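Residue 169 in the UniProt record's numbering sits at position 169 of the sequence shown, with consecutive numbering throughout.
The beta carbon of each residue, even a glycine, is placed where N, CA and C say it ideally should be.
Computed from a prediction, not measured in an experiment: that's the story for all the values here.
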Amino acid sequence: MKTVSIKHTYWDIAADIYFPDDFNSEKKYPAIISAHPIGSCKEQTSGSVYGAALAKAGFIVIAFDASFQGSSGGEPRYLEDPTMRVKDFSIVVDYLTTLPYVDAGRIGVLGICGGGGYAINAAMTERRIKAIGTVTGANYGRLMREGFTAFNPIGALEAMAQQRTDEANGAKLRVDDLLPSSPDAALEAGLTEIDLFEATEYYRSPRGCAPNGVNRSLFSHQTVAVGWDAFHLAEVLLTQPIMVVVGDRVGRIWCLP
1 MKTVSIKHTY WDIAADIYFP DDFNSEKKYP AIISAHPIGS CKEQTSGSVY GAALAKAGFI
61 VIAFDASFQG SSGGEPRYLE DPTMRVKDFS IVVDYLTTLP YVDAGRIGVL GICGGGGYAI
121 NAAMTERRIK AIGTVTGANY GRLMREGFTA FNPIGALEAM AQQRTDEANG AKLRVDDLLP
181 SSPDAALEAG LTEIDLFEAT EYYRSPRGCA PNGVNRSLFS HQTVAVGWDA FHLAEVLLTQ
241 PIMVVVGDRV GRIWCLP
C-alpha cells in the first residue's frame with residue numbers, strides 16, 4: 001500500500017493505493033476508486049476492507065479521503081458537501097490517468113453507504129468512469145430530507161439558517177456526532193435499530209475505529225445536501241453498467257411516521 005497526495009483546486013486529497021500481490025510496474029491494471037461512507041475515512045471500509053480485497057483480486061484500488069475530511073485538505077472541517085464529494089472523483093480520475101501502470105480505459109468506482117450515492121452521481125458526468133459498484137449505497141440527499149431530519153426538511157433548513165447566522169456573528173461552529181460514542185452508549189440510549197447499532201459497533205469500537213474516522217458533521221452547512229439528490233437525471237445520464245449490493249434484512253430507519 002502506498003499513500004499519495006493529489007492536488008485539488010485549492011488543497012490536496014489524501015489517498016491510499018492498494019496493489020495486487022503480484023504487482024508488476026511494467027503492466028497495466030484496471031483501477032477502482034473506492035469512496036468511503038459519510039463521516040468515515042480511507043483507512044476504514046473503503047480502504048482496509050474493500051480496497052485490500054479488490055487489490056487481491058487483481059485491481060489497482062485507490063481509497064481517498066473526501067475534501068474537508070480525514071487527511072485531505074479543505075476548510076471548514078467536517079463539511080459534507082455533495083457537490084465537492086462528486087468533484088473529488090474527477091480529481092482522483094485525473095491522477096489515475098497519470099500512472100503508467102493503470103489502464104485509463106478501465107477505471108471503475110466503488111462506493112460504500114453514502115459513498116455509493118456519490119459514486120453513481122459522479123459517474124453520470126464523469127465519462128472516464130466505465131463501471132460502478134455500490135455496497136449498501138445511500139442517497140445522502142434523501143437521508144438528509146428524511147432520516148436525519150425526522151422527515152421535517154423545512155424545519156431543519158430553518159435551524160441551519162439560524163445556526164449559520166449565529167456563527168457569522170461569532171458563535172462557535174456546531175459539529176454534530178453522527179453516531180453514539182460507543183455500542184454501550186447506543187444501548188443505554190435505546191438506539192438498537194439494526195442499521196444504526198451495527199454502524200456503531202464497527203465505527204466506535206476497536207474493530208473499525210480510526211483516528212480520522214470521526215463520524216462528525218458540520219450542521220450549518222448541510223443546506224446544500226438537503227436540496228441535493230444522488231439520482232437526479234440518472235434516467236438521462238447514467239449509462240455505465242452498475243452492480244448494487246444490499247443486505248437481506250430491512251432496517252427500520254426509513255419507516256414513515
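Buried or exposed: where does residue i fall if 16 or more other Cβ atoms within 10 Å of its Cβ makes it buried?
| i | result |
| --- | --- |
| M243 | exposed |
| Y29 | buried |
| I120 | buried |
| V246 | exposed |
| R207 | exposed |
| V236 | exposed |
Using DSSP's beta-bridge definition, name the partner residues of residue i.
| i | result |
| --- | --- |
| D176 | S217 |
| D12 | K7 |
| A194 | Residue identity differs from the one stated: residue 194 is Ile in this sequence, not Ala. According to DSSP, which records beta bridges pairwise, I194 is partnered with nothing at all. |
| F64 | A15 and A35 |
| L238 | Answer is none; L238 lacks a bridge partner. |
Tell me which same chain residues have a C-beta within less than 7 Å of the C-beta of residue i, skipping the five on either side of it?
| i | result |
| --- | --- |
| N139 | G117, D229, A230 and F231 |
| R145 | P153 and V226 |
| A189 | P180 |
What's the gap between the Cα of residue i and the Cα of residue j?
| i | j | result |
| --- | --- | --- |
| I13 | R204 | 25 Å |
| G74 | E80 | 11 Å |
| Q222 | M160 | 7 Å |
| L256 | A186 | Only weak support exists for where L256 lies, its pLDDT of 45 falling under 50; the coordinates are left without a value. |
| P100 | I107 | 13 Å |
| I62 | G51 | 7 Å |
| D176 | D21 | 40 Å |
| N24 | Y78 | 38 Å |
| N212 | F68 | 11 Å |
Taking 8 Å as the limit between beta carbons, can you name the residues of its chain near residue i, skipping five residues before and five after?
| i | result |
| --- | --- |
| R249 | I194 |
Smallest Cα separation from residue i: which of the options?
| i | options | result |
| --- | --- | --- |
| T125 | S5, V4, G213 and Q240 | Q240 |
| K130 | S72, I32 and I6 | I32 |
| D184 | T200, V4 and L178 | T200 |
| L179 | T149, N215, L173 and Y202 | N215 |
| G133 | M84, G111, A122 and L143 | G111 |
| E43 | S72, A57 and F59 | S72 |
| D103 | R85, F89 and G58 | G58 |
| residue 301 | K56, A210 and T9 | Absent from the model: residue 301. The displayed extent of the chain is 1 to 257, so no value can be given. |
| M1 | P37, K56, K27 and E26 | K56 |
By Cβ distance, which residues of its chain are closer than 6 Å to residue i, with the 5 residues on each side in sequence left out?
| i | result |
| --- | --- |
| T3 | D16 |
| S34 | S46, Y50, G51, V61, A63 and L110 |
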